[in-house]
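In the numbering used here, the protein residues as written are 1430 to 1715.
A short write-up of the structure that comes next.
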C-alpha cells in the first residue's frame, strides 16, 4: 500500500478540520472526526481499505480512551494520531501482510500511533503559538475600533497556522512516511528484536488508557465491581462489545435511579429540617 499526493492532501484537510474550530467546530471536529475511532473509518475510506482503517482506529482509540486536554495541556495530539499515525499503521500492516484483526496488527498500530501522537503535540503547540500573532492583530483592531476585522482573526488567519503546522506536515509525513515504512519492511524482519519490541510495547499501551479512565471513575474499591463486569462477560460468556454495552446501560440506569432516589430523600429531609427550624424560630419569637 502507498499513499498518493491526493490521498495525503485529503488526510491533511481532515487534520485541519479537526484542529481548526472555526470550520468543523469542537463537537464535530475535535471530539468526533478527530478521534481515532472515527478517524480510522475516514482513513479507510480515503486509502480504500475500510476494514483495516477501522481495525487500526479501534486499536488506537483504546490507548487514548480517557485522554483529555485540561487547560490546553496536551500530552498527545489525537488528531495527528488519527490522520498520520493510522495511515502509516495501515501501510505497515499491509506491507507485512498481517491480518488486520490480529493482535500483531493491533499492537503495531498502537505503537505507531503513540509515536506520532508525541510528534503531534509539538505541532499542536506550534499552531497555538502562531495563533497568538493573529490575536495580537485582533487587539490592535479593537483599540482602533475596527471590529469588522475580527472575523479575519477568528475565521481567516488561523488557516495560515493550520496550513503550516497541520496540513503540510500531515501531507509530507503520510506521503513520504508511507514510503519509509515500506522500505523498513525488509530492514526490520518480523522475528527481529525491533519488531518484537514494538509488539510488546503496543500490547501494554492500552493499560495506560484504562488506568487513566479508572482514575476518573473509581473513587472506592467497590467501584471496581461494575467496571470488571464487562471483562468478566467477555471472558466467560464471549459476548461482543455491543452486548456488553447493553448490559452497561442497564447498570447506568440502575445507578442513575439510585442517585435520583437518594437526592430526593436528601431534599425531603432537608426540607423537613428547615420547616422544623422555622417552627422553632417562630416559637422563640413568640
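Note that CB positions come from ideal geometry on N, CA and C, so glycine has one too.
Remember, predicted model here, so these are calculated numbers, not experimental data.
(request) Determine the closest residue to residue 1596 out of 1659, 1483, 1555 and 1465, with distance taken between C-alpha atoms. (result) Taking only the C-alpha atoms, the option nearest residue 1596 is 1555.
(request) Count the C-beta pairs between the stretch 1456-1474 and the stretch 1482-1490 that are closer than 8 Å, then say yes if the count reaches three, no if not. (result) yes
(request) Name the two residues that bound the continuous alpha helix (DSSP H) containing residue 1530. (result) No alpha helix (DSSP H) holds residue 1530; DSSP gives it neither H nor E.
(message) Check whether the stretch 1589-1606 and the stretch 1513-1530 touch, using three or more Cβ-Cβ pairs below 8 Å as the test.
(response) yes
(message) Tell me which residues share the same chain as residue 1443 and place their Cβ nearer than 7 Å to its Cβ, disregarding the 5 neighbours each side in the sequence.
(response) In chain order, 1462, 1471 and 1512 place their CB closer than 7 Å to the CB of residue 1443, counting only its own chain and leaving out the 5 sequence neighbours on each side.
(message) I'd like to know whether the C-beta atoms of residue 1561 and residue 1570 end up nearer to each other than 9 Å.
(response) no
(request) Please say whether residue 1490 and residue 1464 have beta carbons closer to each other than 9 Å? (result) yes
(request) Helix, strand or coil for residue 1673, going by three-state DSSP, please let me know. (result) helix
(message) Beta-carbon within less than 6 Å of residue 1710's beta-carbon, same chain only, minus the 5 sequence neighbours each way: which residues are those?
(response) Low per-residue confidence applies at residue 1710: pLDDT is 45, beneath 50, and the placement is therefore not dependable, though the value from the model is reported in the following sentence. Once the five neighbours on either side are set aside, residue 1710 has no close Cβ partner at all.
(request) Consult DSSP for residue 1563 and reduce its assignment to one of helix, strand or coil. (result) The answer is helix: DSSP assigns residue 1563 an H, G or I state.
(message) Would residue 1542 and residue 1494 qualify as a contact pair, given that the criterion is a beta-carbon distance under 9 Å?
(response) no
(request) Express the C-alpha separation of residue 1685 and residue 1712 in angstroms, rounding to a whole number. (result) Below a pLDDT of 50, predicted positions are generally treated as unreliable, and residue 1712, at 41, falls in that range; no measurement from the model is reported.
(message) Going by DSSP in three states, residue 1506 sits in which element: helix, strand or coil?
(response) Coil.
(request) Leaving aside the five residues before and after residue 1440 along the sequence, list all residues of the same chain whose C-beta is less than 8 Å from its C-beta, in chain order. (result) Contacts found: 1432, 1472, 1475, 1512, 1513, 1516, 1599, 1600 and 1603.
(message) I'd like the list of long-range same chain contacts for residue 1668, defined as Cβ closer than 6 Å, with 5 residues on each side in sequence excluded.
(response) 1662
(request) Return the Cβ separation of residue 1646 and residue 1659 in integer angstroms, given the expectation that the two are a contact with Cβ distance under 8 Å. (result) No, residue 1646 and residue 1659 are not in contact; Cβ-Cβ is about 13 Å, not under 8 Å.
(request) Could you spell out where the alpha helix (DSSP H) holding residue 1664 opens and where it closes? (result) 1653-1665
(message) Can you give me the C-alpha to C-alpha distance between residue 1528 and residue 1546, rounded to a whole angstrom?
(response) 24 Å
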